[in-house]
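Here is the structure we will look at, set down as structure tokens.
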Amino acid sequence: MSSPAQPLAASLVQSVDWLAIAPPTLAAVVGLLVLVADLFVAEHRKALLGWTSVAGLAAATLMLLPLLDGDRSTFCLTGDAGVCSYTADRFTLVIQFLVLGGALLTALLSVTALKDGRKELPEGEYWFLLLSSAAGAALLPASRDLATLIVALEVASLPAFALVGLKYGDRKSSEAALKFFLSSVTATAVSLMGISFVYASTGTLYLTQVADRIQNVDGQLHTLAQTGVVLTLVGFAFKTAAVPFHFWVPDTYVGAPLPIAAYLSVIGKAVGFSGLILVTVVALPSYADLWGPALAVLAALTMTVGNVGALRQQATRAYSAVRLLAWSSVGQAGYLLVPIAAAGYSGDAEKSVGSTVAYALMYGAVNLGAFAVAALVGRTNSLNRVADYRGLYASNPLSALLLAFFLLCLAGLPPGIIGLFAKVTVFAAAVDAGLGWLAVIMAVNVVIALFYYLQWTTLLFRAPEGEPVQHRVPAPLTAAIALTGVLGVVLSGAPQLVLRFTDTALF
Numbered sequence: 046m047s048s049p050a051q052p053l054a055a056s057l058v059q060s061v062d063w064l065a066i067a068p069p070t071l072a073a074v075v076g077l078l079v080l081v082a083d084l085f086v087a088e089h090r091k092a093l094l095g096w097t098s099v100a101g102l103a104a105a106t107l108m109l110l111p112l113l114d115g116d117r118s119t120f121c122l123t124g125d126a127g128v129c130s131y132t133a134d135r136f137t138l139v140i141q142f143l144v145l146g147g148a149l150l151t152a153l154l155s156v157t158a159l160k161d162g163r164k165e166l167p168e169g170e171y172w173f174l175l176l177s178s179a180a181g182a183a184l185l186p187a188s189r190d191l192a193t194l195i196v197a198l199e200v201a202s203l204p205a206f207a208l209v210g211l212k213y214g215d216r217k218s219s220e221a222a223l224k225f226f227l228s229s230v231t232a233t234a235v236s237l238m239g240i241s242f243v244y245a246s247t248g249t250l251y252l253t254q255v256a257d258r259i260q261n262v263d264g265q266l267h268t269l270a271q272t273g274v275v276l277t278l279v280g281f282a283f284k285t286a287a288v289p290f291h292f293w294v295p296d297t298y299v300g301a302p303l304p305i306a307a308y309l310s311v312i313g314k315a316v317g318f319s320g321l322i323l324v325t326v327v328a329l330p331s332y333a334d335l336w337g338p339a340l341a342v343l344a345a346l347t348m349t350v351g352n353v354g355a356l357r358q359q360a361t362r363a364y365s366a367v368r369l370l371a372w373s374s375v376g377q378a379g380y381l382l383v384p385i386a387a388a389g390y391s392g393d394a395e396k397s398v399g400s401t402v403a404y405a406l407m408y409g410a411v412n413l414g415a416f417a418v419a420a421l422v423g424r425t426n427s428l429n430r431v432a433d434y435r436g437l438y439a440s441n442p443l444s445a446l447l448l449a450f451f452l453l454c455l456a457g458l459p460p461g462i463i464g465l466f467a468k469v470t471v472f473a474a475a476v477d478a479g480l481g482w483l484a485v486i487m488a489v490n491v492v493i494a495l496f497y498y499l500q501w502t503t504l505l506f507r508a509p510e511g512e513p514v515q516h517r518v519p520a521p522l523t524a525a526i527a528l529t530g531v532l533g534v535v536l537s538g539a540p541q542l543v544l545r546f547t548d549t550a551l552f
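Residue numbering for the sequence shown follows the working numbering, beginning at 46 and increasing consecutively.
Structural data, given as structure tokens:
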């Protein structure tokens, strides 16, 4: 005789769509395999761990291709297939492509960095942490409930703390990791408190259900709901390095291994911005009158402080090239915030969010390219000053031309058409939403940024002081520079590809 509990138990068991969750799962599984293999691989064969990680990230990226034919969801509520914890829609796939592709380029940079590191970095732990963080970052854009969102955020962040402080006996690295850890833990604590308030107000963690229920909360819970929304936004402002929560960025980028600084500048931002989009546009559209103006102010502050900080960098200061890229990334975060703020005012939030995604794809490709060339120069100039790039064209013409191209893309000048296209798209999103004042501030900041990007670019072609230093380019580093260069050139030749890729129903 069957027990009444059996039908209930059967109803709670659901099949898992393994194809939908394959990209983050594959990255996580390869990370575990690398960690275990590290125990058995001889010291002189440790490089195999790096190439296994590169292959795993490439395979995880390719697993996105079978998902392009339609939206897939899994881990859904019993009895309501429309409410799920994991959804692989177009928005998810675009961000996962950015995250896994960026992690793959970071891995290529890391193969060379670990070989040059003279055992300063433990290889097995390094690759395990990088793959774990990439798995969490790939999970986040697919998360459709607040619990999964926070878990994914922490899976992406916690390994990153360790990666920043992984250099043996390096005081800068330890200080950077501590600053990064404390700021991120504060952000998580604030986010969790905000999410708990939202849950207390609505009785659900699913984003679509939160969107429905938070509009009709009991009058006594209205203040609690508003406080929850504000605290959740503050938490994600930390993650996106928005001003005034950006203070950890320059020191963290300088103290971290250079590939990890590149990883944080692109994948870290993709994680923060995709989470912010999900929370605002999907879960809290009814509070657009609250988060729209708040994000507009944050965008204006972030782009201004970031660009002014980059402008103040002295070319002869130690690590000034990395610091300039760090402050530049803060300024770029301000541009990325503009369309999300515009979504709070616009009748077409999906189009506004598409502008952020398009800009993030451009920024990811060219910023990783700039860091790749910085990694090349850093092999012979350990202080990595902007002044060390003087005369790079004389010693390595192709790398100098590509770095000039990447910087012009970031500045939004031809021949970096993709950078100009992305900035125009963001500018149009602000104007269409009626945020004329924000568009003006953005235009002023673009002019400010032109100065330091062009100053660095012209330095590449000036006569070198003394004999030109020859930069030998290892194969993995060559591959990373070439991939980003080809991607940037192709997109500059056909910038409409980015908009076509993102101009689909995002949710």
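For every residue, glycine included, the Cβ atom is placed at its ideal position computed from N, Cα and C.
Within the segment 174–229, no beta strand (DSSP E) run of at least 3 residues lies entirely inside it. CA-CA distance, L309 to L381, rounds to 15 Å. L343 and T277 have their C-alpha atoms some 15 Å from each other. For L446, the CB contacts under 8 Å within the same chain, skipping 5 residues up- and downstream, are Y438 in chain order.
Non-local beta-carbon contacts of G479 in its own chain, meaning distances under 8 Å to residues more than five positions away in sequence, involve Y390 in chain order.
At a cut-off of 4 residues, the continuous stretches assigned as alpha helix (DSSP H) that sit fully inside the segment 133–177 are 135–161.
The C-alpha of S537 lies about 47 Å from the C-alpha of T123. Rounded to the nearest angstrom, the gap between the Cα atoms of A315 and Y244 is 25 Å. Residue state for Y438 is assigned as helix, using DSSP reduced to three classes. Setting aside the 5 residues that flank it on each side, A449 is surrounded in the same chain by T502 and L505, each with a C-beta closer than 6 Å to its C-beta; the list follows chain order. In terms of Cβ geometry, N412 and L455 form a close pair [threshold 8 Å]. If you draw a straight line from the Cα of V209 to the Cα of G300, it comes to about 7 Å. Straight-line spacing of the CA atoms in D393 and V81 works out to 48 Å. Taking H291 as reference, the option from L421, A73, S60 and T349 with the minimal CA-CA separation is T349.
Look at V262 here: in three-state DSSP terms it is coil, with no helix or strand label. For the pair of segments examined, the segment 162–180 was found to touch the segment 210–217: the number of CB pairs separated by less than 8 Å reaches three.
Within 10 angstroms of the beta-carbon of Q265 lie fewer than 16 other beta-carbons, which makes it exposed. With respect to L369, Q358 sits close: the two C-beta atoms are nearer than 8 Å. In chain order, A355 and L356 place their CB closer than 6 Å to the CB of Y497, counting only its own chain and leaving out the 5 sequence neighbours on each side. Less than 8 Å divides the Cβ of V418 from the Cβ of I526.
Within the segment 286–347, the complete alpha helix (DSSP H) segments of 4 residues or longer fall at 294–300, 303–308 and 314–322, listed in chain order. Counting along the chain, the unbroken alpha helix (DSSP H) around R368 starts and ends at S365 to A388.
Approximately 20 Å separates the beta-carbon atoms of P384 and I462; this is outside 8 Å, ruling out the contact. Taking C-beta separations shorter than 6 Å and ignoring five residues to either side along the sequence, the partners of S229 in its chain run S202, following chain order.
Contact check for A179 and V144: beta-carbon distance about 7 Å, within the 8 Å limit, so the pair qualifies.
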